[in-house]
Structure formats: structure tokens, C-alpha cells
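In our numbering, the protein residues as written are 136 to 452.
Think of the CB as a built atom: it goes at the ideal place given N, C-alpha and C, for glycine as much as any other residue.
All figures in this text were calculated on a predicted structure; none of them were measured in a lab.
This report concerns only the one structure given below.
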């Protein structure tokens, strides 16, 4: 049977607005203060009250379980990689990465920190039905190291181009400081997730029928899960990057800012932080957490195992 977290998302997470409201509640950082004992107690309560698991008095237990427990294994997610920890940890890294650095070392340093944390978050919140082993395989270690190394170097390309070639033209500087980083940062974030979770579409993930019973392993479902999550991550990072640039471009033309140019930098950072915080629940909600796929779109082997027209799978985060 699928985990009670997935059962919750199947009932409560099939509409976009419903998912956003759920994530706004789940992302409350106060849940990070709960001990492992409190988390396990909440899970025990939910397991013992399945018939009325959506009762209001169990809301705190649901919130704690959804924020802290992996939907495949039922294990407690490491503190720094839980969804409520994403904003307080990732936001400073995103802001530091977007700052135009004077040298290559600080640019590479912040790119490395962001992509390292992002890879860890992607790995901790992946679909684990492809492998229930607690230890990381050598292949997974190499995939994470490779994705972080590539994303770090590629993310610093604009900085390298400006420093190495001594670009002084204002238009060229604008392109490398404000235009190129937008698609580059978004694509690298999606690329990193795709690489870290590549085993899901190589080996397949578990799909479930309408009763929550495991049907089989599907590579097509794995590809769909990874693609959707990568797209949501690109939307999160891309929006966080482009909105401050558009706002600053508009404000530069106003007389108020022209007389106070020192306000541009803090306004950019504040806007980026606000957009990032607002976009996290939106990006997490773009696709269902317990996603539905038509049986006819999966492998013939899966189609032969069940008469259900739709199957479910854990998309991951």
C-alpha cells in the first residue's frame, strides 16, 4: 500500500489552489523544531486513524508528517532538506549567487554552495521506490558530484566572460549581468534535478492503482515525474531571477530612483527574496505530488497488470 502521505495528497492535492493552500501550511518553519519522537508519534496517530485521517483535530499531525516524512520510505527527512527548511536555507544562497561578483572565486563559491544544497534537497525528496536502500550507491554519488561541478562552472560563465574579456560596453555588460543569468540559472537548476534523479526514468518508479496497491515499476512514469519536477524548479528559479531584473529596469527610469541610485541594490535583493518565498509554494504546487497518469500511456507490461484506466505515482519534490 502507498504511504499515508501519498493517500493524503491523492485526496487533497488534485487541484492547484488546494495544493497551494496545503503547501503554505506545510512550509511553516515552526515544524522544524519538532523532535524525531514527535514526528513518529504524529505518524503513529495517522496510521491508527486512517478512516478519519482528514479530521480537523488531526491537522497538526498531518502538517508534521507532510513536512518531515518521506512519502515512499516513511523515514524522517534530514532536517536541512525538509520542505520547510528550503526557504531559510536556499534564499540566502540564491541572493548571493545572483549578486554580480568582482572576482571568479566568490562567484564559483556561491554557485557551488547553491547547487550543492539544491542537489542534496533533490536527492532527499526524490522518489525512492526505484531503490529502497538507505545507502547511496557509487553511481548516485558520481551523478551528484558531476551535476554540482558542471552547474557551478556553467553558472559562473557570465562572470568569466566579463572578467576574462574585459567587456566595457554597457549593452554587453547588461546582457551578461541581467539577461543571460535568467535562463542559465533556471536551466541549470532543472538540469541538476534531472541528473540527480536520472535513475527514476532509467530503472522506473512504483505506480499504484486506485486502491493504493503497487502495480509495477514504470520508466515512463519516472520520466514524467522527473520532467515535471525539473520544470517546476526552473519556474521557481527563473521567476526569482527575472522579476527583480524587470522591476529594476523599470525603476531606473523613475526620477525618484535616478536621484537615489544606491537604493537599487537593496531593492533588487528584497524583491528577489520576496519572489523566491512566494514562488516556493506555487512551484511545489504546479503538478500534483501524488500524480495521476493514464494507464494506456505506460508500458504494455503495466497495462496488462491492472484494469484501472488511471494509475498514481509519487512525483517527488
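- DSSP lists 204 as the beta-bridge partner residues of residue 211.
- Residue range 445 to 449 is occupied by the beta strand (DSSP E) that includes residue 446.
- Counting only runs of 3+ residues, the beta strand (DSSP E) found wholly inside the segment 295 to 354 occupies 340 to 343 and 349 to 353, in chain order.
- Following the DSSP letters along the chain, one finds residue 429 inside the beta strand (DSSP E) bounded by residues 425 to 429.
- The C-alpha of residue 173 lies about 14 Å from the C-alpha of residue 194.
- A direct Cα-Cα distance of roughly 28 Å separates residue 431 from residue 325.
- Residue 233 holds the alpha-carbon nearest to the alpha-carbon of residue 380 among 162, 139, 272 and 233.
- When C-alpha distances from residue 414 are compared across 226, 208, 264 and 141, the shortest belongs to 226.
- In the displayed model, residue 281 falls within a helix according to three-state DSSP.
- For residue 168, the closest alpha carbon among the candidates 151, 360 and 199 is that of 199.
- In the displayed model, residue 249 falls within a helix according to three-state DSSP.
- Distance between residue 390 and residue 383, taken at the CA atoms: about 13 Å.
- In the DSSP assignment, residue 226 falls within the unbroken alpha helix (DSSP H) covering 218 to 233.
- Closest in alpha carbon position to residue 308, among 196, 361 and 236, is 236.
- DSSP, reduced to helix, strand and coil, places residue 265 outside both helices and strands of the structure shown, so it counts as coil.
- Across the set 363, 271, 155 and 209, the C-alpha of 209 shows the shortest separation from the C-alpha of residue 177.
- Non-local C-beta neighbours of residue 140 in its own chain, meaning closer than 7 Å and more than five positions away in sequence, comprise 200, 201, 204 and 206, ordered along the chain.
- For residue 399, same chain residues with a beta-carbon under 8 Å away, outside a window of 5 residues either side, are 383, 386, 387 and 392 in chain order.
- No residue range can be given for residue 237, since it is assigned to no alpha helix (DSSP H) and is classified by DSSP as neither H nor E.
- Between residue 450 and residue 426, the CB-CB gap stays under 8 Å.
- One thing to note: residue 423 has its Cβ within 8 Å of the Cβ of residue 144.
- Look at residue 422 here: in three-state DSSP terms it is coil, with no helix or strand label.
- Between the beta-carbon of residue 418 and that of residue 371 there is about 4 Å, and that keeps the pair under the 8 Å contact cut.
- When secondary structure is reduced to three states using DSSP, residue 169 falls in the coil class, being assigned neither helix nor strand.
- With a contact defined as Cβ atoms closer than 8 Å, residue 376 and residue 320 qualify at about 5 Å.
- Following the DSSP letters along the chain, one finds residue 147 inside the alpha helix (DSSP H) bounded by residues 139 to 147.
- Between the alpha carbons of residue 343 and residue 351 lies a gap of roughly 8 Å.
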